[in-house]
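Novice: Numbering (our numbering), first residue to last: 25 to 304.
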C-alpha cells in the first residue's frame, strides 16, 4: 500500500545504557516517522522482540527518559516550539515526555478510576469541567464507564491495563510505550488489548505505539515496524553478552503492513524472526 514518510517521531542514536559497571544495551539506533497514507497522517505501531534478558525493558526505560544514557541519545519532536522552515524543532527525551505502561499496570491504589484520571491531568491547562468531560469521554469509549467509582483492586487485569493506558494518554505526549501488554492476559483480554491499540491509533493526541511481546505472530499481525533486540555474534565466534538491535523489519517497505488477516507473507516473516531470535 502506498505511503510516504513525514516527521520523525523517534530517533535513537547509538544509545548505550548501564547499571553501575554493567552495560545492558549498547549502540542501539532506531528511527521512526509518522506516515501519510490515504491522505491522512498516522503514527506507527512498532514492536520490539527478543529473548528474555536481552535488554528490551532497559531499552524502553531509555526511550522514555526513565534512565539516563551511558552514551548516545534519544531525540523526539519539541512540540512546545513552532515549526521553522517546515521542520519541527527537536529535543532530548526527558522523564514525563512519553507515556509508559509497565507490565504491572501501576495505578494509584487509594484513588477511584475517575479520580486517578482527573489527577493525571493535573499539569494541563484544562478547567475542572473540561478534565471531567475528557476523562468521561475516554471511560465511555473504552468501556469503563460502569467502573469509574471503583478502585484498581476491584478491576480485572484487562480493565486495569486500559485504565493505565488512558492515564498515559491524558498526561503524556509523543508516543506510548507498552512493556509486554499481552503478558498474562487470557484470549478475551488479548482481544480487548488489540482493540485498545485501535483506540490509541484513533486518538488525536497520541497515535504511535511501541510495544514488546514474546508472541511473534501477534507482533507480525499488529506492527508496521519490528526491531529484534539480541546478542550480536562475535567475529571470533559465539555471542556477545550485551544487547543491541540485531535486525529490523520494515513491514511497510515489505508491503505487508496494514493487511487484514494473517497470510503466507506474515508466516514467512514470523519464521524469519524466530530464526533471528534463536541465533541471538
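The beta-carbon is built from N, C-alpha and C at its ideal position, and this holds for glycine as well. On a predicted model such as this, the values are computed, not experimentally measured, just so you know.
Less than 8 Å between the beta carbons of residue 99 and residue 28, yes or no?
Specialist: Their beta carbons are not under 8 Å apart, which means residue 99 does not touch residue 28 by this criterion.
Novice: Would you check if the distance between the CB atom of residue 125 and the CB atom of residue 192 is smaller than 8 Å?
Specialist: Cβ atoms of residue 125 and residue 192: closer than 8 Å.
Novice: Between which two residues does the beta strand (DSSP E) containing residue 189 stretch?
Specialist: It is not in any beta strand (DSSP E) - residue 189 instead sits in the alpha helix (DSSP H) that spans 181-195.
Novice: Give the range of the beta strand (DSSP E) segment to which residue 98 is assigned.
Specialist: 95-101 is the span of the beta strand (DSSP E), which, as asked, contains residue 98.
Novice: When the Cα of residue 201 is compared with those of 136, 183 and 86, which residue comes out closest?
Specialist: For residue 201, the nearest C-alpha among the options comes from 86.
Novice: Which of the three DSSP states, helix, strand or coil, is assigned to residue 257?
Specialist: If DSSP states are grouped into helix, strand and coil, residue 257 belongs with the strands.
Novice: Compute the distance between the beta-carbons of residue 194 and residue 144, then report whether it is under 8 Å.
Specialist: Cβ atoms of residue 194 and residue 144: closer than 8 Å.
Novice: On the CB-based measure, 16 or more other CB atoms within 10 Å of its CB, does residue 154 come out buried or exposed?
Specialist: Exposed: under 16 other Cβ atoms inside 10 Å.
Novice: Under a Cβ-count criterion, where at least 16 other Cβ atoms within 10 Å of its own Cβ denotes burial, should residue 196 be classed as buried or exposed?
Specialist: Looking at its Cβ environment, which holds 16 or more other Cβ atoms inside 10 Å, residue 196 is buried.
Novice: According to the neighbour-count rule (16 or more other Cβ atoms, all chains shown, within 10 Å of its Cβ), is residue 177 buried or exposed?
Specialist: Flag for residue 177 reads exposed.
Novice: Excluding the 5 residues flanking residue 289 on each side, which residues of the same chain have their C-beta closer than 7 Å to its C-beta?
Specialist: Excluding residues within five positions, the ones whose Cβ falls inside 7 Å are 280.
Novice: Does the count of Cβ pairs from the segment 231-241 and the segment 54-69 closer than 8 Å reach three?
Specialist: Result yes; three or more Cβ-Cβ pairs closer than 8 Å.
Novice: Would you decide whether residue 259 is buried or exposed? Buried here means 16 or more other CB atoms lie within 10 Å of its CB.
Specialist: Exposed, since its Cβ has fewer than 16 Cβ neighbours within 10 Å.
Novice: Tell me, please, which residues DSSP counts as bridged to residue 278.
Specialist: DSSP lists no partner for residue 278.
Novice: Can you say whether residue 164 is buried or exposed, counting buried as having 16 or more other CB atoms within 10 angstroms of its CB?
Specialist: The residue is exposed, with fewer than 16 neighbouring Cβ atoms inside 10 Å.
Novice: The beta strand (DSSP E) with residue 38 in it runs from where to where?
Specialist: Where residue 38 is concerned, the enclosing beta strand (DSSP E) stretches over 28-43.
Novice: Using a 10 Å radius around the Cβ and a threshold of 16 neighbouring Cβ atoms, would you call residue 269 buried or exposed?
Specialist: So residue 269 counts as buried.
Novice: Report the three-state DSSP secondary structure of residue 175 (helix, strand or coil).
Specialist: Residue 175 falls in the coil class under three-state DSSP.
Novice: So what's residue 300 in DSSP terms, helix, strand or just coil?
Specialist: Three-state result, residue 300: helix.
Novice: If contact is defined by three or more beta carbon pairs under 8 Å, each pair taking one atom from either stretch, is the segment 91-111 in contact with the segment 37-56?
Specialist: The segment 37-56 vs the segment 91-111: in contact.
Novice: Tell me whether residue 14 sits in a helix, a strand or coil according to DSSP, three-state version.
Specialist: One cannot answer for residue 14 here, as it falls past the ends of the chain, which runs 25 to 304.
Novice: Kindly identify the DSSP beta-bridge partner or partners of residue 69.
Specialist: Answer is 233.
Novice: Under 8 Å, do residue 179 and residue 159 count as touching if we go by C-beta distance?
Specialist: No, they are not a contact pair.
Novice: Buried or exposed: residue 285, going by 16 or more other Cβ atoms within 10 Å of its Cβ?
Specialist: Looking at its Cβ environment, which holds fewer than 16 other Cβ atoms inside 10 Å, residue 285 is exposed.
Novice: I need the straight-line Cα distance from residue 134 to residue 78, nearest angstrom please.
Specialist: Taking the straight line joining both Cα atoms gives about 35 Å.
Novice: Around the C-beta of residue 248, are 16 or more other C-beta atoms found within 10 angstroms, so that it is buried, or is it exposed?
Specialist: By the neighbour-count rule (16 or more Cβ atoms within 10 Å), residue 248 is buried.
Novice: Taking its Cβ as the centre, do 16 or more other Cβ atoms sit within 10 Å of residue 56, making it buried, or is it exposed?
Specialist: With 16 or more Cβ atoms within 10 Å of its Cβ, residue 56 is classed as buried.
Novice: How many Å lie between residue 182 and residue 122 at the Cα?
Specialist: Approximately 22 Å, taken between the alpha carbons.
Novice: The beta strand (DSSP E) that contains residue 15, what's its start and end?
Specialist: No answer is possible for residue 15: the residues shown for the chain start at 25 and end at 304.
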